[in-house]
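Under my numbering, the first residue of the sequence shown is numbered 698, with each subsequent residue one higher. We put the CB at the ideal spot given by N, CA and C, even for glycine. Report on one structure; see the data block that follows.
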Amino acid sequence: MSTAAAAPDDSGKRSFTQRLLDGVEKAGNKVPHPAVIFLLLIVLVVVLSAILSAFGVHATYETASPAPVAGSVTYPQGSSEPTVTYPPGAELHPEVHVTTETTHVKSLLTADGIRFVFTSAVDNFTSFGVVGVILVAMVGVGLAEEAGLIGALIRKLVAVSPPATLTFIIVLLGILSSIASDAGYLVLIPLGAVAFKSVGRHPLAGLAAAFAAVGATFGVNVLITPTDGIVTEVTNEAIHLVDPHGSIDLTSNLYFGIASTFFLAIIITVLTEKFVEPSLGQYLPPAQAAADEDGDAVAPEAEARGLKFALFGLLAVVVVLVLLTAFPSAPLRNPETGSVFDNSPFMDSLIFIIMLLFLVAGVCYGAGAGTLKGSAAAMAAITKTFAGLGGLIFLLLIIAQFIAYFNYSNMATVIAVKLADALERANIGAVWLLIGFILVTLVLDIIIPGVIPKWAIFAPIFIPLFIRLGVAPQTVLAAYRVGDGPMNIVTPLMVYIPFIVLLTQKYKKEAGVGTVVSMMLPYTLVVAATWLVFFVAWYLIGIPLGPGAPVHL
């Protein structure tokens, strides 16, 4: 964040907070390359796993997790390729079981551990979901950007949106993007940077606002998301430990989710415009980048023609999607229930659909605007996009190994259980226990960023505890949502952090992990603090968290 043009305060000096963040950036960027950092972390995990295993460190706990779902394999119309179908409601209403488990820290220096290190490297990388997501999505998004469609769309968005609402619109769309899983990381964050740049604002401010919206608020939305189905069923199994007939439904946090969506959109918008963007200073693009932009300028009439062609292409894809989902037996519906959203091929193919939309629209725009002349130009655009991802792919290879080794050692699970046990034994009131629960969740999100893994451990521990204190299960789930999100944007284990660093370097070549962390740290601190106060106020006032879902039993 530190730049020579950064805005000073009234005395001509940067504030203490800004100087502190500058220090975070400088310190962060002086550390070795992220790939080297994760190699050192791998060594640390290996050594710690051996030490803790030698001392017999373990944890015993109850965990609630979805049971494996058995699918039925069919070969439609004599095809040699099987089709697997699953029971109806398996996504939003999965079967969950509570079991008692004892987890020991496993050493990576035993014979089994060494075998795992040597035999799992390829599987660790190929099963690292973010790799496939980025590669597939960037085929379409990268071509659309190279063709000039992204810039044209941003110019249209800016033209029709009042300047004062641009930040809020981007932030709100970022929060809502969780309905489409990881699409927000791949689409909205780059668009946020381009949108700010197109109106003369600092692109890193737009990137930061969009990243905060997508990552720090992932647990809330104005709609029901697939993640809600899993955490709700895990909650219900934890309830059954003390009340076999009790349960909550998918809408138990709906009111809280809707209110949090708009509350956090306002908080992130204000923070961006009043602190983050001023601290970044004026954006001065590199001379070569400015020259490239001037050379790639498209005449207004050509751009208008390209957008018209892109619209036609987009409508054609939408028509195909409608035909594939509109009818009861359509291929992209759930073959058992006919649902478009519940455990359906349509929902499973969202990333591919996004790629297809951008790919077709980008090709059509390029043909209309004259920025893509022939198939060779389109292939060159895709090749250029993939070439720019080379360093990211190598970094993800290293990160995949680190996460696999860390998970193999069981250290994250043992740490989570030990912290949860300590909080459970604390002799404090319900409000302070809820606050402590949120803070523990925030800390653990640094090493276990996923929504489901932490809740599978926490729910059987805390749901019965809070029920005994008269606190409703939906209240505990809402508290968990508050603690689960804000750390996502600063933890190095967040799988999209390398992608964010790559995007940041487009606008600041010397940027590194320190740049991203210092830029996002204010969002983590402010969102965590204000959302915590928002939740406590909601709890103390006693506003229902959803239809028929009071905060108290």
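Cβ distance (whole Å) where residue i is taken to contact residue j below 8 angstroms
{"i": "A909", "j": "M1217", "result": "7 angstroms"}
{"i": "Y1236", "j": "V1128", "result": "7 angstroms"}
{"i": "V1224", "j": "T800", "result": "Wrong, their Cβ atoms sit about 31 angstroms apart, outside the cutoff."}
{"i": "T929", "j": "I945", "result": "6 angstroms"}
{"i": "L1200", "j": "L904", "result": "6 angstroms"}
{"i": "T924", "j": "V1148", "result": "6 angstroms"}
{"i": "K803", "j": "Y1062", "result": "52 angstroms between Cβ atoms; not a contact."}
{"i": "G1132", "j": "L1229", "result": "In the sequence as displayed, the identity of residue 1132 is Ile instead of Gly. Yes, they are in contact, since the Cβ atoms of I1132 and L1229 sit about 7 angstroms apart, within 8 angstroms."}
{"i": "A1169", "j": "V1248", "result": "6 angstroms"}
{"i": "F1043", "j": "T1022", "result": "6 angstroms"}
{"i": "L1086", "j": "M835", "result": "7 angstroms"}
Opposing strand residues paired with residue i [DSSP bridges]
{"i": "E798", "result": "Y758"}
{"i": "G1265", "result": "Because the chain in this structure spans residues 698 to 1250, residue 1265 falls outside the shown range and cannot be described."}
{"i": "V1168", "result": "H1249"}
Three-way DSSP call (helix, strand, coil) for residue i in this model
{"i": "V911", "result": "helix"}
{"i": "D660", "result": "The chain is shown only over 698 to 1250; residue 660 falls outside these bounds and no answer can be derived."}
{"i": "P705", "result": "Low per-residue confidence applies at P705: pLDDT is 48, beneath 50, and the placement is therefore not dependable, though the value from the model is reported in the following sentence. Three-state DSSP puts P705 in coil, outside helix and strand."}
{"i": "T969", "result": "helix"}
{"i": "I1125", "result": "coil"}
{"i": "N933", "result": "helix"}
{"i": "E974", "result": "helix"}
{"i": "F752", "result": "coil"}
{"i": "T1188", "result": "coil"}
{"i": "K1205", "result": "coil"}
{"i": "R716", "result": "helix"}
{"i": "P900", "result": "helix"}
{"i": "N1104", "result": "helix"}
{"i": "T948", "result": "coil"}
{"i": "D1142", "result": "coil"}
{"i": "P1214", "result": "Strictly speaking, residue 1214 in this sequence is Val, with Pro absent from that position. Correct three-state label for V1214: helix."}
{"i": "I955", "result": "helix"}
{"i": "Y1193", "result": "coil"}
{"i": "D940", "result": "coil"}
{"i": "L981", "result": "coil"}
{"i": "F1231", "result": "helix"}
{"i": "Y922", "result": "Note that residue 922 is Thr in the sequence shown, not Tyr. Three-state result, T922: coil."}
{"i": "G775", "result": "Low local confidence applies: a pLDDT of 49 at G775 is under 50, so the model's placement there is unreliable, with the coordinate-based value given in what follows. Three-state DSSP puts G775 in a helix."}
{"i": "G916", "result": "coil"}
{"i": "P859", "result": "coil"}
{"i": "P729", "result": "coil"}
{"i": "L1086", "result": "coil"}
{"i": "G871", "result": "helix"}
{"i": "G1133", "result": "helix"}
{"i": "G1147", "result": "coil"}
{"i": "I1112", "result": "helix"}
Residue i: CB within 8 angstroms of a non-hydrogen atom of the ligand MN
{"i": "H755", "result": "Questions concerning the ligand MN fall outside what the structure shown contains, since it holds no ligand whatsoever."}
Proximity test, Cβ basis, 9 angstroms: residue i and chain C
{"i": "L883", "result": "Absent from the structure is chain C; it holds one protein chain and no more."}
Is it a yes or a no for the region 1118-1128 touching the region 1064-1083, going by three-plus beta-carbon pairs under 8 angstroms? no
Which whole runs of the beta strand (DSSP E) in the region 792-856 are 3 residues long or more, in chain order? 793-801
Three CB pairs or more closer than 8 angstroms across the region 1210-1226 and the region 1187-1194: yes
Do the region 844-862 and the region 992-1011 meet, that is, are 3 or more Cβ pairs less than 8 angstroms apart? yes
At a cut of 8 angstroms, does the region 1050-1068 reach the region 820-831 through at least three beta carbon pairs? no
Please confirm if the region 751-759 is in contact with the region 815-825, defined as three or more CB-CB distances below 8 angstroms between the two stretches. no
Within the region 993-1075, ranges of the alpha helix (DSSP H) (whole runs, at least 4 residues): 997-1022, 1042-1045, 1047-1066
Spell out a yes or no on whether the region 931-942 and the region 794-804 are touching, meaning 3 or more CB-CB pairs, one atom from each, closer than 8 angstroms. yes
Would the region 859-873 and the region 1130-1149 be scored as touching if the rule is three or more Cβ pairs under 8 angstroms? no
Tell me, please, whether the region 950-970 touches the region 912-923 by the rule of three or more beta-carbon pairs shorter than 8 angstroms. yes
Under 8 angstroms: do the region 732-747 and the region 1090-1099 share three or more Cβ pairs, one atom per stretch? yes
Are at least three pairs of beta-carbons, each pair with one atom in the region 866-886 and one in the region 957-967, less than 8 angstroms apart? yes
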